[in-house]
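In what follows, a structure is listed as structure tokens, so that the remarks can point back to it.
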Amino acid sequence: MKRMLIAAALALPLGACGLIRTPNTPGVADVQFPASVGASETMNVAVTVGLGCGRFDGFSAQRTASRLTLTTRGSVPVGVACSASVRNETRTYTDPGTPTRTGPFEIVVNGKTWGTTDIR
């Protein structure tokens, strides 16, 4: 019982300061990628995410020969009021080029198709 009280006493201040975070999916404002790319070349995809008081934690990626699907991963503080202002940050995902791409190659981020790139 004593340990539980100590743990609770420590957890309350951490939550109040926003140190405890919960996962979220940052919104996407823009996606940029090359008009064409080699079938097995690396390809950079620049994703502009909107962050309020949240943090960008990375991408989850799924890849086939004809499609790259990215999901943004982030987190927001628990119990903290966030301002209405949103700051945009551009983050880059580098696709390694494997498996070999076939054209047209589709780019999907957070469930939205942002376009295709030609394969040369």
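When the letters of the sequence shown are read in order and numbered with mature numbering (1 follows the signal peptide of the UniProt record, and there is no 0), they come out as residues -18 to -1, 1 to 102.
Using N, Cα and C, we set each Cβ at its ideal position, and we do this for glycine too.
Fair warning: this is a prediction, and the values are worked out from it, not measured in the lab.
Segment contact, 8 Å Cβ cut-off, at least three pairs: the segment 3 to 15 with the segment 47 to 57: yes
Would you call Gly36 buried or exposed, if buried means 16 or more other Cβ atoms sit within 10 Å of its Cβ? Counted from its first residue, the sequence shown places residue 36 at position 54. Gly36 comes out buried.
For Ala(-8), three-class secondary structure by DSSP: Indexing the sequence shown from 1 puts residue -8 at position 11. Because Ala(-8) sits at a pLDDT of 49, beneath the cut-off of 50, its placement in the model cannot be relied upon, and the following sentence gives the value as read from the coordinates. Looking at Ala(-8) - three-state DSSP - the assignment turns out to be helix.
Which term fits Thr99, buried or exposed, when burial requires 16 or more other beta carbons within 10 angstroms of its beta carbon? One-based indexing of the sequence shown puts residue 99 at position 117. Buried, since its Cβ has 16 or more Cβ neighbours within 10 Å.
Whose C-alpha, out of Ala63, Gly93 and Thr30, is nearest the C-alpha of Gln44? The count along the sequence shown starts at 1 and reaches residue 44 at position 62. The candidate whose alpha carbon is nearest that of Gln44 is Gly93.
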